[in-house]
Each structure stands twice: as C-alpha cells, then as structure tokens.
Amino acid sequence: LAKTTQPISMDSYEGQEVNITCSHNNIATNDYITWYQQFPSQGPRFIIQGYKTKVTNEVASLFIPADRKSSTLSLPRVSLSDTAVYYCLVGDYGTLTFGKGTMLLVSP
Amino acid sequence: SAVISQKPSRDICQRGTSLTIQCQVDSQVTMMFWYRQQPGQSLTLIATANQGSEATYESGFVIDKFPISRPNLTFSTLTVSNMSPEDSSIYLCSVGGDRATEAFFGQGTRLTVV
Chain B
42 LAKTTQPISM DSYEGQEVNI TCSHNNIATN DYITWYQQFP SQGPRFIIQG YKTKVTNEVA
102 SLFIPADRKS STLSLPRVSL SDTAVYYCLV GDYGTLTFGK GTMLLVSP
Chain H
985 SAVISQKPSR DICQRGTSLT IQCQVDSQVT MMFWYRQQPG QSLTLIATAN QGSEATYESG
1045 FVIDKFPISR PNLTFSTLTV SNMSPEDSSI YLCSVGGDRA TEAFFGQGTR LTVV
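First to last, the sequence lines map onto chains B and H. Per the numbering used here, the first sequence starts with residue 42, numbered consecutively. Per the numbering used here, the second sequence starts with residue 985, numbered consecutively.
Listed below in structure tokens is the structure:
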C-alpha cells in the first residue's frame, strides 16, 4: 500500500473552509484515495473516496490532480463539531493501512 | 453500509487476566478486521478474520496473545490474553464495504489494564 503524508495538525475557526492535503507519491494505478474522520472514543467514519479529478458529497469535496500523487480534502464552513482526526488512505480492495492522520481543531 | 456493535464498550482489567471482545454485524460479511489504537496513536491492524478459517495475523501480533474466533458470517470475538498494562488500548472491529478502501467500524472497546 502506498504511504501517505499529511500534516500532523491544523487549526481553524468556525465558518472557514479547511483544506487538508495528503501526499501519496507512490500511488498505484488501481489505488483509490479515501478519507476517514475519527472523533474521540469512536471508530473512524468513511467520509469520501475518489480516483481522479473531483468528488463532492454532502460532507466534503475531494480534489485529485491529474498525476494523483496528492489529494486535498476540503471541508466547507467548518463547525466546532468538525474537530476530529482526519485520515488519508490509498489502496485497493483489502486491508487498510492508517497513517498518523491530521488533528483538526476548530475554534469559536 | 454496515452497523457494527461491540461489547463491552470499556473495561478495566487486572494484569494477567484475559478479556474477550465481541463484534456483531447486522449483515453477513466475508472478512472482519480487528484493529488496536493505542492512546494518541493511529490504528494498527491486528488480524483479519475469515469465517471458516484461521485468522491471519499481522507482524507483531500472535494467535496465543490475541486469539480470534469467527463462528459465522456476522460475529467475531477477539481475546486479549494474559494482559499487561501495555495492552491498554482501544480495540476496534471493522468490516469492508462495497467500495475499495471503504470500511465500517464499531465504536471500539476501551481497555485499561491495571
């Protein structure tokens, strides 16, 4: 599985847009890019997945450049409840390998 | 999506004892996964449990320490044996989704060994 690199932490304020970038230079042709969100004392929750270009759902957008060596999770107008750890994963079907994740702290 | 229930949600155990964690899924799944998340750390895969066969353990995890049962397609157990304080962690059960790298997780079992 391709290794991912993302910032350890980010700070934001309520109402702002937050963009978390993940590097995955060794991504394979069959790999998908997936983001998870984890709140304290809960298991990770699937947020969004993409293969290339842009994907948008009711929670977030995922931007993937043509070379697919990075991806950016965009959270529009964050609220205090978006404070969580966000994990970027790349891979195909099979077991998941979690990196260290990005701790996002949203302040009033 | 899948709904996963784990029991117990938390426990405090004496060192040297064992704890069995149960994982129930609301649908039949081929593979179930067990993860450990130590305080302030990311998730680490312990093993993959397939129904009808022995679990496959990741490097650093052995069956004698973490025996797993998978009696049917909706249930699995993970036992943490001969516990020490270093086993204090959150243990999570997971199943795969329809999409690649999609997974659903239980709430986890917070284990404290004293």
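In this text, a Cβ means the ideal position worked out from N, Cα and C, and glycines have one as well. Everything numeric in this text was worked out from a predicted model, so none of it was measured.
9 angstroms Cβ cut-off: residues of chain B touching residue i
i	result
Q1091/H	S82, Q83 and G84
R1083/H	Y73, T75, F87, Q90 and Y134
Check whether residue i and residue j have beta carbons under 8 angstroms apart
i	j	result
T1028/H	F1017/H	no
A986/H	F1088/H	yes
V1098/H	I996/H	yes
G140/B	Y128/B	yes
S1072/H	L1095/H	yes
T143/B	Q47/B	yes
I88/B	Y77/B	yes
D1039/H	D133/B	Reading off the sequence shown, one finds Ala at residue 1039/H, where the question assumed Asp. In this structure, D133/B does not lie closer than 8 angstroms to A1039/H by Cβ.
G1090/H	G84/B	yes
I49/B	I74/B	no
Any C-beta of chain H under 8 angstroms from that of residue i
i	result
K177/B	Because chain B spans 42 through 149 in this model, residue 177/B falls outside it and cannot be assessed.
F104/B	no
L137/B	yes
L130/B	yes
Min CB distance residue i to chain B below 8 angstroms
i	result
E1070/H	no
L1029/H	yes
L1076/H	yes
T1032/H	yes
Option nearest residue i by Cα separation, candidates the options
i	options	result
P149/B	V100/B, Y128/B, A69/B and S53/B	S53/B
L1062/H	V1098/H, Q1012/H, N1034/H and S1026/H	N1034/H
G135/B	P992/H, R999/H, P1069/H and T1014/H	T1014/H
Q990/H	S82/B, G56/B and I105/B	S82/B
L1057/H	Y1075/H, Q1008/H, G1044/H and I1047/H	Q1008/H
K44/B	D72/B, E58/B and V59/B	D72/B
R118/B	G56/B, I49/B and S50/B	G56/B
Q998/H	P1051/H, M1067/H, S1043/H and G1090/H	M1067/H
Contacts that residue i makes with chain B (C-beta to C-beta distance below 8 angstroms)
i	result
E1086/H	T75, F87 and Q90
F1017/H	T136 and L137
Whole-number beta carbon distance between residue j and residue i, since they are thought to touch under 8 angstroms
i	j	result
K95/B	S102/B	6 angstroms
Q1021/H	I1074/H	4 angstroms
Amino acids of chain H, ordered along the chain, whose beta-carbon sits closer than 7 angstroms to that of residue i
i	result
K141/B	S1026
Closer than 8 angstroms to chain A by CB, residue i
i	result
F1059/H	In the displayed structure, chain A is absent; the protein chains listed are B and H.
Near the ligand SAM: residue i beta-carbon under 7 angstroms from a heavy atom
i	result
S1026/H	The ligand SAM is absent from the structure shown, which contains no ligand whatsoever.
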